[in-house]
Amino acid sequence: MNKKSLIKFNFSHICPNKLSFSFTWDDNFERHIEWIAPIFNRYHKRCTFYVNPGAGNFHGLLQNGYVQLAQIGFEIGSHGYTHHHFSHLSDEDLKFQLIKSKEKIAEITNISPITFAFPHHDYTLSMLETAKKIYLETRNTLNNTYRYSLKSYTTIVDIQNAVLNAISNRHSIVFSGHSISLCTDTVGNFDGYEPIPITLLEEIIHMIMEYQNITEICTFEQAVIKEFICQNCIFTNQLFYMSEDQLLYLKKYGLTHERIEELA
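Take a look at the structure:
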């Protein structure tokens, strides 16, 4: 392939030769905005929030908060317009959930979401085929990744074993969680399914950063872009080249030339 006929991009935020460790957080919760995002911000890292923009609690403060996070580099991904088991939906309702969520997030953030997380991890191959006509990738299906579900009983030893296994086998990790609990919480005084302690989240970030010569914490959409580049493009550790056809393919999912530059 002649490089003169290709479009050159620079890597400024991600490294193609490092494993991607992405943290994703589901549903609409105040603690995403008030606690989780500030932790990642403090370490100059970003994560992904999968939201339901059609849910009753999304409008107002939550919507404004997610919009502000999108403006500083956090990914606001699609989790369906409302939070349903997709296996209970008709084909028409399934398409509505996928399309309406994408449109609404793009409308409020001015950024078209390119990744999708099925509510309850509930999907079939047919649903996946439909989703991949609208989104570039889904959280459960990115090549060379392992999804690790964060639960209230998760320990730092569990995470360390998972990270060392990922490094040994050269695969990336997509962490999926919902919320966090604070040391001041009493039983039931938190929002989010299976919240993990805020101290554990900080321990996990610290631990992963100890391996930053071979790993990096990035949003899931950045992990998706990196995998696309590694599988389809000419690249070095500093730059990569895309063809017009590749750019057109990505553009149909909402990835403009400028957006690719912002992510890479």
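In our numbering, the protein residues as written are 426 to 689. In this text, a Cβ means the ideal position worked out from N, Cα and C, and glycines have one as well. Note that the structure is predicted; figures quoted are calculated from it, not measured.
Short of 6 Å in beta carbon distance, which residues of its chain neighbour Y571, apart from the five on each side in sequence? Order them along the chain.
On the sequence shown, residue 571 is found 146 positions in, with the first residue counted as 1. Excluding positions up to five away in sequence, the list reads H596 and I598.
From the DSSP output, read off the bridge partner residues of I432.
Residue 432 sits at position 7 when you count from the first residue of the sequence shown. Note: I432 sits in a beta bridge opposite M667.
Is there contact between the stretch 567 to 583 and the stretch 616 to 633, where contact requires at least three CB pairs shorter than 8 Å?
Between the stretch 567 to 583 and the stretch 616 to 633, the count of C-beta pairs closer than 8 Å reaches three or more; the two stretches touch.
Quick one: residues in its chain with C-beta nearer than 8 Å to the C-beta of L664, no 5 flanking neighbours on either side, listed in chain order?
Position 239 of the sequence shown, counted from the first residue, corresponds to residue 664. Around L664: K433, F434, N435 and F436.
Report the residue from I533, Q647 and L519 whose alpha carbon sits nearest the alpha carbon of T555.
Looking up residue 555 in the sequence shown gives position 130. Here the closest residue by C-alpha is L519.
Return the CA-CA distance between R471 and Q522, expressed in angstroms with no decimal places.
For the purposes of this step, residue 471 is identified with residue 46 of the sequence shown, where counting begins at 1. For the purposes of this step, residue 522 is identified with residue 97 of the sequence shown, where counting begins at 1. Using only the alpha carbons, I get a separation of about 26 Å.
Less than 8 Å between C-beta atoms, sequence neighbours within five positions excluded: which residues of the same chain meet that for E635?
Taking the sequence shown and counting its residues from 1, the one referred to as residue 635 is at position 210. There are no such residues.
For L625, does the three-state DSSP call read helix, strand or coil?
Position 200 of the sequence shown, counted from the start, is the residue given in the question as residue 625. The three-state reading of DSSP puts L625 in helix, counting H, G and I together.
What ranges does the beta strand (DSSP E) occupy inside the stretch 544 to 625, keeping only unbroken runs of at least 3 residues that lie completely in it?
570 to 574 and 597 to 602
Could you check where the beta strand (DSSP E) with I642 kicks off and where it finishes?
For this step, residue 642 is matched to residue 217 along the sequence shown. Element bounds for I642: T640 to I642.
Just to check my reading of the structure: P544 and H509 have Cβ atoms closer than 8 Å, yes? What is that Cβ distance to the nearest angstrom?
The residue given as residue 544 occupies position 119 in the sequence shown. The residue given as residue 509 occupies position 84 in the sequence shown. That belief holds up - the Cβ atoms of P544 and H509 are roughly 6 Å apart, short of 8 Å.
Compute the Euclidean distance between the alpha carbons of I650 and Y468, then round it to the nearest angstrom.
Indexing the sequence shown from 1 puts residue 650 at position 225. Indexing the sequence shown from 1 puts residue 468 at position 43. Looking at the two C-alpha atoms, the distance is approximately 22 Å.
Let me check understanding here. Comparing Cα to Cα, which of I497, F446, N594 and E627 lies closest to F645?
Here the question's residue 645 lines up with position 220 in the sequence shown. For F645, the nearest C-alpha among the options comes from F446.
Confirm, please, whether the CB-CB distance from P441 to I642 is below 9 Å.
Mapped onto the sequence shown, residue 642 falls at position 217. Mapped onto the sequence shown, residue 441 falls at position 16. No, these two residues do not count as a Cβ contact at 9 Å.
Going by beta carbon distance, what residues of the same chain come within less than 6 Å of F541, once the five residues before and after it are set aside?
Locating residue 541 in the sequence shown gives position 116, where the first residue counts as 1. Same-chain partners within the cutoff: S503, A556, Y560 and T563.
When DSSP builds the beta bridges, which residues end up paired with S437?
Along the sequence shown, read from residue 1 onward, the residue named residue 437 stands at position 12. In DSSP, S437 forms no bridge with anything.
Whose C-beta lies closer than 6 Å to the C-beta of S537 among residues of the same chain, with five residues either side of it excluded?
Mapped onto the sequence shown, residue 537 falls at position 112. Hits under 6 Å: A531 and G679.
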